[in-house]
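Residue numbers (our numbering), protein chains in the order written: chain A, 1 to 167; chain B, 1001 to 1167.
Let me begin by presenting the structure, written as structure tokens, before commenting on it.
2 protein chains.
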Amino acid sequence: MVKSVLSVILVLVAVSSVFGKKYIPKSGKRIPQTLSKGWGDQLIWVQTYEEGLYISRTTNKPLMVLFHLTECPHCTALKKVFSEDKEIQRLLDEEFVILNLEYETTDKHLSPDGQYVPRILFVDPSMTVRAEIVGPYKNRYYSYEPTDLKLLLNNLKKALKLLKTEL
Amino acid sequence: MVKSVLSVILVLVAVSSVFGKKYIPKSGKRIPQTLSKGWGDQLIWVQTYEEGLYISRTTNKPLMVLFHLTECPHCTALKKVFSEDKEIQRLLDEEFVILNLEYETTDKHLSPDGQYVPRILFVDPSMTVRAEIVGPYKNRYYSYEPTDLKLLLNNLKKALKLLKTEL
């Protein structure tokens, strides 16, 4: 009896995997990609620069644009501390529109000293790129290392302050 | 004894939620956003149009661009059948570069007869928008209803055929 019930269950499983509703790739089931790409799973990221500019303008929040690459070790190291820093994550969640990108946009203002990763730029709701908000490096102004999170936090606050003083 | 173990566990849980590594929004934990937005969780979606064009060119696969909005009932209805159609999902997964967007791009070629949702366009690896691949409606050429999936599947095959015959 138990055996026949088991066979019925097995047949049902086999049938449902063939006629089941969901498509499964030949290479096996995948974990759905997230928009955060690991830079803060609890944050609400915009998908594109156009979307970021629009939401920044309508919510009057500054936009942070973070350029990175999956296969870049400097990015991975920064991502770890960045995603675990509660103060940065909270400030970004509550006061910023945020975008992470693996491909460059057509806006040259987002690469004032070249295209490299990691690279963090701030854009005002007026669509002005805040090129004066820089990291500690003179060869790559918009780059940050994992040890520079304190400066990054200060730069977030600076972006908010600039926004308020110029309203 | 059981009671004291329980209190210790409770204290540990409380402490870890305050000093835990991960940021949790005031409004409560969120489900991370996916790039698929529900249009096919098992598929690999590109994030931006620039990324789509680049990957289309380098892989020599046509790019499908799907414009939609979360709060559009026509989109939701199409999304349901679209994401459950195994043949469409498999063809997209294996032969296409795919992008879904909630915001328009700056490329006017992606809105030959206006900006509306849902709207599906195909772009060749040569970066030519295939405006001749249309749905069944004369007022909105690139729109599809849930009952038009057969035509959409044929249009996917048409995009592949055009690509091959013109190489």
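Positions of the beta carbon are idealized from the N, C-alpha and C atoms, including for glycine.
Only a predicted model underlies this, so the values are computations on that prediction, with no experimental measurement involved.
Residue i by DSSP, collapsed to three states: which one?
i, result
"residue 1088 of chain B", "helix"
"residue 1076 of chain B", "helix"
"residue 96 of chain A", "coil"
"residue 44 of chain A", "coil"
"residue 35 of chain A", "coil"
"residue 194 of chain A", "Chain A is shown from 1 up to 167; residue 194 of chain A falls before or after that span and cannot be answered."
"residue 53 of chain A", "helix"
"residue 168 of chain A", "Residue coverage of chain A in this structure runs from 1 to 167, which leaves residue 168 of chain A outside it and unanswerable."
Rounded to whole angstroms, how far is the Cβ of residue i from the Cβ of residue j, which I believe are closer than 8 angstroms?
i, j, result
"residue 159 of chain A", "residue 140 of chain A", "With 8 angstroms as the limit, residue 159 of chain A and residue 140 of chain A do not qualify as a contact, their Cβ atoms being about 19 angstroms apart."
"residue 119 of chain A", "residue 142 of chain A", "4 angstroms"
"residue 1035 of chain B", "residue 33 of chain A", "4 angstroms"
"residue 1024 of chain B", "residue 115 of chain A", "Rounded, the Cβ-Cβ distance is 34 angstroms, inconsistent with contact."
Just mark residue i as buried or exposed, buried being the case when its beta carbon has 16 or more other beta carbons within 10 Å.
i, result
"residue 31 of chain A", "exposed"
"residue 50 of chain A", "buried"
"residue 47 of chain A", "buried"
"residue 37 of chain A", "buried"
"residue 1147 of chain B", "exposed"
"residue 128 of chain A", "exposed"
"residue 1105 of chain B", "buried"
"residue 1026 of chain B", "exposed"
Going along the chain, which residues of its own chain have a beta-carbon closer than 6 angstroms to the beta-carbon of residue i, five neighbours each way excluded?
i, result
"residue 1101 of chain B", "1067"
"residue 125 of chain A", "56, 57 and 60"
"residue 1085 of chain B", "1149"
"residue 1079 of chain B", "1038 and 1039"
By Cβ distance below 8 angstroms, which residues in the same chain neighbour residue i in space, the five residues on each side in sequence not counted?
i, result
"residue 1088 of chain B", "1082, 1149, 1152, 1153 and 1156"
"residue 97 of chain A", "46, 52, 55, 56, 59, 61, 62, 63 and 64"
"residue 1092 of chain B", "1040, 1043, 1064, 1098 and 1156"
"residue 95 of chain A", "61, 62, 156 and 160"
Please work out which residues of its chain come closer than 7 angstroms, Cβ to Cβ, to residue i, disregarding the five sequence neighbours upstream and downstream, and give them in chain order.
i, result
"residue 1075 of chain B", "1068, 1069, 1117 and 1118"
"residue 1134 of chain B", "1141 and 1142"
"residue 1107 of chain B", "1049"
"residue 1109 of chain B", "1129"
- Would you list, in sequence order, the uninterrupted beta strand (DSSP E) runs of no fewer than 3 residues that lie entirely inside the stretch 1131–1166 of chain B? none
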